[in-house]
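S.K.: Numbering-wise, the sequence shown is residues 8 to 280 according to my numbering. Ideal placement from N, C-alpha and C gives every residue a C-beta, glycine not left out. Please read these numbers as outputs of a predicted model, since none were measured by experiment.
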Amino acid sequence: MPDASTTPRRTALVTGASAGIGEAFAEHLAARGFDLVLTARRLEVLREVAEGIQRRHDVGCRVIPADLTDPEAPRRIFYELARDEIEIDVLVNNAGYGLEKTLLTQDWREVADVMQVMSVAWLHFMQLAMPSMIERGWGRVANIASLAAFAPDSPGSLYSGIKAQMVTTSRGMRSAVRGTGVHVTAVCPGYTHTEFHARLGIADLADRMPKWMWQNREEVVAEGWRACERNRPVVVTGTVNKMLRAVLAVTPTGLVERQMLKSVAAVRSRGRG
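#1: Provide the residue span of the alpha helix (DSSP H) that contains D120, from first to last.
#2: Quick check on the burial criterion: 16 or more other C-beta atoms within 10 angstroms. Buried or exposed for G208?
#3: Does the separation of the CB atoms of V189 and I141 fall below 7 angstroms?
#4: Return the chain-ordered ranges of every beta strand (DSSP E) run that is complete within the stretch 129 to 158 and spans a minimum of 3 residues.
#5: Cutting at 7 angstroms between CB atoms, please list the residues of its own chain near S126, excluding the five before and the five after it.
#6: When burial is assigned at 16 or more other CB atoms within 10 Å of the CB, is R237 buried or exposed?
#7: Would you mind sorting A253 into buried or exposed? The rule is 16 or more other CB atoms within 10 Å of its CB.
#8: With the cut-off set at 7 angstroms, would you say V227 and V99 are in Cβ contact?
#9: Just to confirm my understanding: we take C68, look at its own chain, exclude 5 residues before and 5 after, and list those with CB closer than 6 angstroms. What are they?
#10: Which word fits R233, buried or exposed, when buried means at least 16 other C-beta atoms lie within 10 angstroms of its C-beta?
#11: Which runs of the alpha helix (DSSP H) fall wholly inside the stretch 71 to 121 and span at least 4 residues, in chain order?
#12: When you compare the CB positions of A193 and S182, do they come within less than 7 angstroms of one another, or not?
#13: Would you report the Cα separation of V241 and I95, rounded to the nearest angstrom?
#14: Going by alpha carbons, who is nearest to V184 out of R147, E51, E230, L45?
#15: Looking at the structure shown, is V66 part of a helix, part of a strand, or coil, going by DSSP?
#16: Going straight from the alpha carbon of E30 to that of G186, what length do you get?
#17: Does the Cβ of T46 have 16 or more other Cβ atoms within 10 Å, making it buried, or fewer, making it exposed?
#18: Please name the residue, chosen from R63, A24, H35, that lies closest to E51 on a Cα-to-Cα basis.
#19: CA-CA distance, E92 and E117?
#20: Between the Cα of R49 and the Cα atoms of A102, D114, G179, T109, which residue gives the shortest distance?
#21: Please name the residue in F32, A38, P159, F132 whose C-alpha comes closest to that of E79.
#22: Alpha carbon to alpha carbon, how far is R82 from I28?
#23: Can you say whether R16 is buried or exposed, counting buried as having 16 or more other CB atoms within 10 angstroms of its CB?
#24: Within 10 angstroms of its Cβ, does M137 collect 16 or more other Cβ (buried), or is it exposed?
#25: Return the residue from the list V124, S153, L88, L255 that minimises the CA-CA distance to I71.
#26: R277 by DSSP, collapsed to three states: which one?
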């Protein structure tokens with residue numbers, strides 16, 4: 008399948024592009040000749056990412072700061088792009104974050120904000136981007152979900168349920184655009200070396216997880232993009248994660264929940280020792 012270097016110059020929109028998997032996805036696409044539109048909340052960090060990419064690759068790189076807790080943010084981004092006649096060929100829905108507390112103890116405004124970012128905004132981006140992809144007969148959508156989509160949530164958490172929604176909806180959207188030249192893939196990494204855990208205040212807990220459970224972000228992105236090009240509905244990245252997914256598929260949910268509680272308690276206990 009030809010890449011961007013052998014076709015007219017195409018443009019990719021990456022959300023949550025200031026760090027982690029989003030930043031790595033932007034780098035990966037730039038290396039393949041895609042112009043970029045990068046969006047995230049942290050403008051200065053986003054500019055640094057864009058400048059670095061442009062130093063390394065001969066691509067255009069536009070920065071649009073946005074807070075996706077605002078329901079109108081996706082529409083404003085696409086209004087700006089339409090004004091400048093920029094069409095999106097690749098959409099990477101990566102923006103997201105976790106909550107420090109449970110549903111019952113977190114401030115409701117913070118719960119509503121995380122749901123807007125992780126359950127609504129990415130759907131809005133697909134609605135805005137995909138019709139023109141279909142018209143042009145080519146498009147790629149990579150929705151960054153998680154291995155957690157296939158596991159029970161930790162007590163009081165929303166994360167697994169949110170990611171399960173992303174996987175299920177991605178499958179449905181892929182079916183809806185079958186035969187149009189537009190691909191939709193849910194990318195499901197496990198533990199990945201990013202700033203995600205540090206921002207949640209659990210970096211020490213993550214550091215005590217076995218090293219063999221981790222992937223670097225470049226591995227996740229390479230496997231995710233390859234799956235999207237091949238029009239796979241879902242990809243669980245990494246051999247270990249694929250094995251875990253297979254185990255989860257045949258293990259009773261109650262048993263998984265009990266084992267999760269024991270594992271978290273054991274890791275925390277080692278940290279106190």
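M.R.: Answer, in terms of the structure:
#1: Segment 115 to 122, the alpha helix (DSSP H) holding D120.
#2: Reliability fails at G208, whose pLDDT of 49 lies under 50, so the model's placement of it is uncertain and the value that follows must be treated cautiously. By the 10 Å Cβ count, G208 comes out exposed.
#3: yes
#4: If we require 3 residues or more, the beta strand (DSSP E) runs fully inside the stretch 129 to 158 come out as 146 to 151.
#5: I169, Q172
#6: Label assigned to R237: exposed.
#7: exposed
#8: The answer is no: Cβ separation not under 7 angstroms.
#9: L43, A57, I60, Q61
#10: exposed
#11: Annotation: the stretch 71 to 121 contains the following complete segments of the alpha helix (DSSP H) (minimum length 4 residues), in chain order: 80 to 90.
#12: no
#13: 22 angstroms
#14: R147
#15: coil
#16: Between the C-alpha atoms of E30 and G186 there is a straight-line separation of about 30 angstroms.
#17: buried
#18: A24
#19: 35 angstroms
#20: Of the candidates A102, D114, G179, T109, the one whose C-alpha sits nearest the C-alpha of R49 is A102.
#21: F132
#22: When rounded, the distance between both Cα atoms is 23 angstroms.
#23: exposed
#24: buried
#25: L88
#26: In this prediction, R277 scores a pLDDT of 44, lower than 50, which makes its location untrustworthy; no coordinate-derived value is stated.
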